[in-house]
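Let me begin by presenting the structure, written as C-alpha cells, before commenting on it.
Number of protein chains: 2
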Amino acid sequence: MNTLANDTFLRALRREPTEYTPIWLMRQAGRYLPEYNATRKRAGSFLALCKTPDLACEVTLQPLERYRLDAAILFSDILTVPDAMGLGLYFAEGEGPKFERPVRDEAAVRQLAVPDPSGELRYVTDAVRTIRGALAGSVPLIGFSGSPWTLACYMVEGGASDDFREIKTMLYRRPDLLGRILDVNAAAVAAYLDAQIEAGAQALMIFDSWGGALADGAYQRFSLEPMRRVIASLKRRVDEPLIVFTKGGGGWLEEMAGIGCDAIGVDWTVNLGRARARVGDRVALQGNLDPMALMAGPEQVRAEAIRVLDDFGAPKAGAGHVFNLGHGISQFTPPDNVAVLVETVHDHGRRLRGGGASASSL
Amino acid sequence: MNTLANDTFLRALRREPTEYTPIWLMRQAGRYLPEYNATRKRAGSFLALCKTPDLACEVTLQPLERYRLDAAILFSDILTVPDAMGLGLYFAEGEGPKFERPVRDEAAVRQLAVPDPSGELRYVTDAVRTIRGALAGSVPLIGFSGSPWTLACYMVEGGASDDFREIKTMLYRRPDLLGRILDVNAAAVAAYLDAQIEAGAQALMIFDSWGGALADGAYQRFSLEPMRRVIASLKRRVDEPLIVFTKGGGGWLEEMAGIGCDAIGVDWTVNLGRARARVGDRVALQGNLDPMALMAGPEQVRAEAIRVLDDFGAPKAGAGHVFNLGHGISQFTPPDNVAVLVETVHDHGRRLRGGGASASSL
C-alpha cells in the first residue's frame, strides 16, 4: 500500500486522531462545475462519461484541483451493477435513470445473475486504476456502490419513484421474490466492491438512497440485513474503511452501527451531537450540511458549517467526524461557496481540537 | 356540545381508556373510492369539489358509509389559506398544486395578509357546518390546516418541489423574510382553525408535510416554533384535541411533544413502541402503517396492521393510540383491503386490552 500525502480522511473514519476535520462532498464532481460540464459535453452523455475511464478520471480530479478536499470519489453511477445485469440503463432527459427491462415477475427474477466485475464492469475497475495513478498518493480514493435495496428499487420500479408502489407491492405480497433479488444484489455489490478495492480504492461507501422509504421493520429486513451481508462477505482488510449512508435513516443509527461498517453517513435532519451520543464510539459519522445551505452568501455558509462542526463537538479519542453534505451537492451551487466551505471546515476543525487557526490550511 | 355515539377517537387523543383502538385514514375520502370519483366528476374539478359545501360533505361521508371508521375529516385542501391570500391556486394535470403568483421577494411578502375565515374561506366553515349536521353525532369531525412552514413551501416554490431550493435559499439568505411569511401564516392558520372549531370541528390536525425537509435546527425554528405559536393562540378548549404531524419528523418527537399538542402523527419509518417510550405519557400517538402495505393481500394487510398495533403495545392508562396510515392512502388501494384493515384494528385493539375478539365490532 502506498503512503498518502494526506490520509486525514482515512484516519477520521478509523476514529484515530486528526489535526483537523476532513471534508469531501457527495457528487463533488458534478454539474455545478463548468469544467465538469465541458468534459461531459465532450463525452457525449453521462453514461459515456461513466464508461470512459480517462474521462471519468478527468472529472474525478476536477474538484480536487479547485478545493483542498481530503478525498476523491470514483466518478460513476450507482446503477452500473443492474446495467451490467442486462436491464438496459438509460437516461431520459430531465427524468433521471430508467431501465428498459424492469424486474417485475418471477421469470425476470430468475434470470438475474451476478455480473463479473472483470467483464461488463471492467470500465469501473479501469477507472479506479487510472484515478489512483493520477492521484499519485495525494488523497485517498473512495469506491462505492448502491445498496442492494436501493438497486432493487430502480430495478423493480424501472426508474425513480415517489411512492415505490411496484417494489413495495412485491415486498408485501411476495417478500420471497424480493428476497431473491436482494440475494443477487448483495452478492453483486460485494463482488463489485471487492473488485474496486483490488483495483485500488482505499475506502468504500454504500449509498442506500432509498432505505428511508421503508417502514420500520422492513428497513431492517430488506435494506440493513443485505448490507450487513455485503460487508461480512467483503475481502477488504481493516485498512479500507467502509461508510454506510441511508438517506432518511436517522431513526436507525444504532442498528446501522452494528452491521460492520466503520462510519455512518447522516442527512441534515439529524443532529450530529445526538447521533454521536447514540452510536458512541462504535463508528465514525459523516455529514451533514444541508446542500441548500450552499445557496446562501459566504458568511452564512461559514456559519452553517461551523454549526455542523460544533454539533459534533471536539473529536476526542475514539470519535471521528468526516464533514460532508447530507446529500449530493446541487447543480445550482455557486462554486465559490465550496471554497468557503472547505476552508471553514479545515479552520474550525483545527480550532475545535485546540489548534491554531489557519496557516496550514491555506 | 352534542353527545357523540362514538367518541373513541377523542378519548384516545386525550389518553383516556378506550375499548379498542380507533382508526381513521389520512385522505380517506379519495380517489381509491369509485363513489368519490363519481362525485368529483360531477363537481367538475378538485377545487370545485372543495369549494362546494354540499359536495365536500358528500365525499367526507362516503368512507364512513363503507367502513366503521372512528372519525370523519373535513374534505378540503391544505392550500385553501394561501389561495385565500390571493396567490391563485390551480391544479395542473398530473403535476399537483401550483400558485400563479408565488411569493419570492420583499414586495410580495409585504402584500401578504391574514385572510378572514368568514370571507374568502367561508366555503370551508360552511362545509364544516354541513358535515357536522350530516354526521348527526355518529363520529367526531376533524378540522385541519397545513402548517405555516408547509404552506410557505408551496407559496415560495409555487408548487411541489423535490429540493426546496427557492424557500431554502430564502431561509439561508433572508431568514427575516421567511420569518415574516411564517408570522402571517401562523396568524392565518390560527384564525382558520378557530373558525373551523367555531363551525363545529371536534378535533384539529396540523399537517406539516414538508417539515422533514428541514435541517435539524432549522426545523425547530421555521416549522416547530410557528406551530407552537398557532397552538398557543387558538381559542379552542381542552375538549377539542389537536394532532401535529410532521412527515419525516421522527427525529424530533420529544420536541414536538412539547408544543402544546395532544397527539403526534408519525410516519411508517418510526417504531411506535420506541416513539411511545420517547414521548412517555405527554401525548398520544397517531399512525403509522405504510400506505403501500394496503397493496398486499388481505392476510398480509392483517399481519401488518397487527404488527403496528403490537409495536405500540397495550394502551395502559395515560397512553393513547389512534391507528392511521403513515401518509395519505394511495389512489391505487383496493377498497376491500380498507375493510380488512378497519376490522383488524378494532378486533386486535380489543384483544390488546384483554377484551374478547370481535362481536361488537361487526
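Quick mapping for you: the protein sequence lines, in order, are chains A and B. First residue of the first sequence? That's -11 in my numbering, and the numbers climb one at a time after it. First residue of the second sequence? That's -11 in my numbering, and the numbers climb one at a time after it. Each residue gets a CB set at the ideal place from its N, CA and C atoms; glycine is no exception.
Local Cβ density within 10 Å of residue i, reported as buried at 16 or more and exposed below that
i	result
P5 (chain B)	exposed
T(-9) (chain B)	exposed
K223 (chain B)	exposed
Q351 (chain A)	Nothing in the structure corresponds to residue 351 (chain A), since chain A is present only between -11 and 350.
P22 (chain B)	exposed
S211 (chain A)	buried
G131 (chain B)	buried
F152 (chain B)	buried
S348 (chain B)	No answer about S348 (chain B) holds up, because its pLDDT of 41 lies below 50 and its placement is not dependable.
A174 (chain A)	buried
L324 (chain B)	For the record, residue 324 (chain B) in the displayed sequence is Asp; it is not Leu. Exposed: under 16 other Cβ atoms inside 10 Å.
G308 (chain B)	buried
D(-5) (chain B)	buried
Q50 (chain B)	buried
Q16 (chain B)	buried
G107 (chain A)	exposed
G342 (chain A)	exposed
D298 (chain A)	exposed
F34 (chain A)	exposed
G82 (chain A)	exposed
Under the three-state DSSP convention, the category residue i falls into
i	result
A347 (chain B)	For A347 (chain B), the pLDDT reaches just 43, beneath the cut-off of 50, and the residue's location in the model is therefore unreliable, leaving the point undetermined.
N25 (chain B)	helix
L277 (chain B)	strand
F304 (chain A)	For the record, residue 304 (chain A) in the displayed sequence is Lys; it is not Phe. Correct three-state label for K304 (chain A): coil.
T(-9) (chain B)	coil
H315 (chain B)	coil
T234 (chain A)	strand
D255 (chain B)	coil
V221 (chain B)	A quick correction: the sequence has Ser, not Val, at residue 221 (chain B). DSSP places S221 (chain B) in helix when its eight states are reduced to three.
G268 (chain A)	coil
S133 (chain A)	strand
V333 (chain A)	helix
F79 (chain A)	strand
L57 (chain B)	coil
M14 (chain B)	coil
D227 (chain A)	coil
V310 (chain B)	strand
P41 (chain B)	helix
G84 (chain B)	strand
D104 (chain A)	coil
L49 (chain B)	helix
Own chain, CB closer than 8 angstroms to residue i, minus 5 neighbours either side, in chain order
i	result
G84 (chain B)	G147 and A148
L37 (chain B)	T27, R28, A31, L43, A44, V47 and F63
L109 (chain B)	T68, V69, A72, P103, Y180 and A183
D228 (chain B)	According to the sequence displayed, residue 228 (chain B) carries Glu and not Asp. Same-chain partners within the cutoff: I185, A189, Q190, A191 and L192.
L241 (chain A)	I252, V254, V258, A263, R266 and V267
N25 (chain A)	R19
Contacting residues, own chain, Cβ-Cβ under 6 angstroms from residue i (five flanking each side not counted)
i	result
R89 (chain A)	L75 and G76
S346 (chain B)	Because the pLDDT of S346 (chain B) is 48, which lies under 50, any placement of that residue in the model is unreliable, and the question is left without a value.
I294 (chain A)	H336
T332 (chain A)	R290 and A293
A59 (chain A)	F(-3), W12, V127, P128 and I130
R(-1) (chain A)	T6
G237 (chain A)	G199 and G200
Rounded distance between the beta-carbons of residue j and residue i, thought under 8 angstroms
i	j	result
T134 (chain B)	S197 (chain B)	Checking the sequence, you will find Gly at residue 134 (chain B) rather than Thr. Indeed, because the Cβ distance is near 7 angstroms, the residues count as touching under 8 angstroms.
V330 (chain A)	L57 (chain A)	6 angstroms
Y160 (chain A)	A281 (chain B)	5 angstroms
A272 (chain B)	V218 (chain B)	Incorrect: roughly 19 angstroms between the Cβ atoms, too far for contact.
D204 (chain A)	W256 (chain B)	7 angstroms
Other residues of its chain near residue i: CB distance less than 7 angstroms, five sequence neighbours each side excluded
i	result
M117 (chain A)	The residue asked about is misnamed: residue 117 (chain A) is Arg in this sequence, not Met. Closer than 7 angstroms at the Cβ level, and outside the excluded window around R117 (chain A), lie A187 and G188.
G285 (chain A)	none
H315 (chain A)	M14, K235, D255 and P279
Please identify, using Cβ separations under 7 angstroms, the residues of the region 246 to 272 of chain B that lie next to chain A, in order along the chain. W256, T257, V258 and N259
Contact set between the region 150 to 164 of chain A and chain B, restricted to residues whose Cβ is under 7 angstroms from the partner: D151, F152, R153, K156, T157, Y160 and R161
With 9 angstroms as the C-beta to C-beta threshold (strictly closer), list the residues of the region 30 to 56 of chain A near chain B in chain order. none
Closer than 9 angstroms, Cβ to any Cβ of chain B: which residues of the region 194 to 216 of chain A, in chain order? G200, A201, L202, A203, D204, G205, A206 and Y207
When you check each C-beta in the region 295 to 318 of chain B against every C-beta of chain A, which residues fall closer than 7 angstroms? R295 and S318
Taking beta-carbon pairs under 8 angstroms, can you tell me which members of the region 168 to 197 of chain B lie near chain A? none
Compile a chain-ordered list of the residues in the region 76 to 103 of chain B whose CB is closer than 9 angstroms to at least one CB of chain A. none
Could you run through the region 278 to 289 of chain B and flag, in chain order, every residue whose CB is less than 7 angstroms away from some CB of chain A? D278, M280, A281, M283, A284, G285 and Q288
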